[in-house]
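Written below as structure tokens is the structure these notes are about.
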Amino acid sequence: MWFKNCHIYHLTSPFEHKPEALAELLETKRFNGVGRQDNEAIGWISPLNRHLEHLVHAANGCILLCLRKEQKVIPASMVKESLEERVAAIQDAEGRKVYGKEKTALKDDILSVLKPKALTKSSHVYGYIDPRNNLMVVNAGSHAVADAFIQLLLDSIGSLGAVKLMGEENPSVIMNRWLLEGLPQDWELTGQYELKDPQDERIAKFKDNESGNQLIGELLEDGYWVQKLGVRYKDQFNAMLQHDLQIKSIKYDDELLKENDDIDDMDQYARLDADLVLMTQTLAEFVAQLMKHFKVNTDKE
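The working numbering puts the last residue of the sequence shown at 333; the count rises by one with no breaks.
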């Protein structure tokens, strides 16, 4: 449940849906599985257990959601081989070539036969809404996955005033300044850097380097901009802070992860609740600092 790759959104208007009312709205997009002739399906499931009915889970004033996606798995090599066999059969039987449009029709027919028998692979995307802090956080490895979560939420509730964090100044400029002048209080460097030359797109990556690495200073003087910066926040976690203010590769400290170890392991939902409270509190505090240091505009639209 601990989020590792956070896409953070600021809510420009209060989120007024109570958990029970939100659950009713999400029912219209409940996950129902992939149809026989469908390529994929997405929908909401219980964030606690996909076999449970409740589509939302509330804790610490936050509302946890889970998107499930299933895709049919049809190997391209299987389709290619079947198509080649059909084309060869037609050529042998009718003594003619098979061209583009006919091949496309044959391929569509092959897929229609294979889809009902195909295996599926599933994936899950978790996100939570924090109405008290006007935040929404989606745990996703890419923009496309986060966008799919947001779109399904929009399709479910109709409207959502949520925007990605955007500062008054380019975040890369601020991170460059940090490397030259030092980080804010409670923030430290982890020794991971990715810098980019905006002129010719060259990338320079460093791992486990000292903060005083002379080469990094020289690259900054040559006009490179920080794209990713490894940071440590207090004694809570390490992460990669990106130029678009995504927080990736979060590694929480063991001491933080162990804070709820005294909860009875037999009650898995109690432990999940406690971890969710701890994680959302930790991230809310960090995001508040992030928004402060990067001068994120929080004016309501």
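For glycine and all other residues, C-beta sits at the position ideal for the given N, C-alpha and C.
Bounding residues of the alpha helix (DSSP H) (the contiguous stretch that carries residue i)
i, result
"THR136", "132-146"
"ASP124", "108-126"
Other residues of its chain near residue i: CB distance less than 6 Å, five sequence neighbours each side excluded
i, result
"THR314", "GLN268"
"GLN259", "GLU226, LYS228, HIS275"
"GLY173", "ASN37"
"ALA178", "HIS39, VAL170, ALA172"
"ASN165", "ALA316"
"SER155", "LYS101"
"SER114", "ILE142"
"LEU54", "VAL88"
Proximity winner among the options, relative to residue i (alpha-carbon distances)
i, options, result
"LYS335", "GLU253, ARG68, LEU96, TRP257", "In this structure the chain extends from 33 to 333, so residue 335 is not present and cannot be described."
"ILE142", "VAL119, LYS260, TYR265", "VAL119"
"LEU277", "LEU288, LYS101, PHE318, ILE95", "PHE318"
"MET207", "LYS196, ASP70, GLN224, GLU117", "GLN224"
"GLU201", "HIS275, LYS112, ILE282", "HIS275"
"PHE181", "LEU84, GLN246, TYR284, CYS98", "CYS98"
"LEU247", "SER281, VAL263, LEU211, ILE282", "LEU211"
"TYR301", "PRO216, LEU84, PHE47, VAL66", "LEU84"
"GLY67", "ALA55, GLN103, PRO107", "GLN103"
"GLY249", "GLU117, GLU220, GLY214, SER191", "GLY214"
"ALA108", "LEU146, VAL130, HIS175", "LEU146"
Short Cβ contact (8 Å threshold) for residue i with residue j
i, j, result
"ARG62", "LEU80", "no"
"PRO203", "PHE326", "yes"
"ILE21", "ILE161", "Summary: the structure shown does not reach residue 21, with the chain confined to residues 33 through 333, and so no result is reported for it."
"GLU72", "LYS112", "no"
"LEU288", "LEU273", "no"
"VAL105", "LYS153", "yes"
"SER144", "GLN231", "no"
"LYS283", "ASN270", "yes"
"HIS42", "LEU184", "no"
Boundaries (first-last residue) of the beta strand (DSSP E) holding residue i
i, result
"ALA91", "89-91"
"ARG100", "94-105"
"LYS129", "No beta strand (DSSP E) holds LYS129; DSSP gives it neither H nor E."
"VAL169", "167-171"
"SER154", "151-162"
Residues near residue i in its chain [Cβ-Cβ closer than 8 Å; skip 5 each side]
i, result
"ALA90", "PRO51, LEU96"
"ASP218", "TYR265, LYS266, GLN321"
"MET33", "TYR158, LEU304, ASP307, LEU308, MET311"
"ASN329", "MET198, GLY199, GLU200"
Contacts around residue i, its chain only, beta-carbon distance under 7 Å, and the 5 residues preceding and following it disregarded
i, result
"ASP187", "LYS61"
"LEU251", "LEU227, ALA236"
Uninterrupted alpha helix (DSSP H) stretches inside the stretch 174-245 (no shorter than 4 residues): 175-189, 203-213
Sequence ranges, beta strand (DSSP E) only - wholly within the stretch 256-308, length at least 3: 257-265, 269-274, 279-284
Contiguous alpha helix (DSSP H) assignments of at least 4 residues, all confined to the stretch 40-71: 51-58
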